Amino acid sequence: MTGGSEPSVAARDDLAGVVDLFAWLTREELSRAVSELAFKRRTEADREAIDAAIEVAVAEYALVPAPREALSTEGDGIGEAADPLAVGPAAFPSLPADAEDLPHILDVPDRAVDRETLSAAVLDRLSTDAVAAITDGNAGRLEVLADVTYDVEAWAPVDAGPIRERIVAELDGA
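For what it's worth, our numbering labels the leading residue of the sequence shown as 252, then goes sequentially.
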């Protein structure tokens, strides 16, 4: 899924496509799915590279942490330590080769995501991330987050305008 030292946009979108097959996955399940795809391609799966790709996807809102109250399952039984992820507003989910076989390979029950609850959590996270980037003076991160404010509004019926206005004001030196 990666070609160079950093995961590509295609890798993030492939990760989102894999998650989209199931509605949501834990980080461990997603890592296992990527490892299974590598096995099907007769290649090695580098756990550190997979973890790095997932981190990039989360940082850039292609994948988002999903609060438990946004998740419905059929007898799932995931532990409290599980870290569920759902497709985020910055993703353009795409299925990597052989991904259509993953539902047959992974033992994952039927799942669903409550988009309203998820979108509220994403908006809260976006606000928190913006405050942290402003506090740190991280202009690069603020530019990414400004783009995400538009993505999230197209993705869900939320208003990210106040967050965007604060980010833009900070970037413009106000």
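Virtual Cβ for every residue (Gly too), placed ideally from N, Cα, C.
Just so it is clear, the structure is predicted and the values come from calculations on it, not from any experiment.
CA-CA distance, A321 to F343, rounds to 21 angstroms.
Between P318 and L422, the alpha-carbon positions lie close to 30 angstroms from each other. If you ignore the 5 residues before and after V364, its C-beta comes within less than 7 angstroms of the C-beta of A274, W275, A317, A321, L322, A337, all in its own chain and listed in chain order.
Excluding sequence positions up to five before and after S345, its CB lies within less than 8 angstroms of the CB of A261, D264, D265, A267, G268, all in the same chain and listed in chain order. For A296, the three-state secondary structure derived from DSSP is coil. Fully contained in the stretch 312-379 are the following alpha helix (DSSP H) runs of length 4 or more, in chain order: 353-356. The alpha-carbon of A304 is positioned some 32 angstroms away from that of G424. In the same chain as Y312, and ignoring 5 residues on each side of it, the C-beta atoms closer than 7 angstroms to its own belong to G339, P340, A341, V399, D402, in chain order.
Within the same chain, and ignoring the five residues on either side of S370 in sequence, the residues whose Cβ sits closer than 6 angstroms to its Cβ are A407, V409.
With a contact defined as Cβ atoms closer than 8 angstroms, A384 and L374 miss out at about 16 angstroms. T368 has its alpha-carbon roughly 27 angstroms from the corresponding atom of V285. Taking all protein chains shown into account, P347 has 16 or more neighbouring C-beta atoms within 10 Å of its C-beta and is therefore buried.
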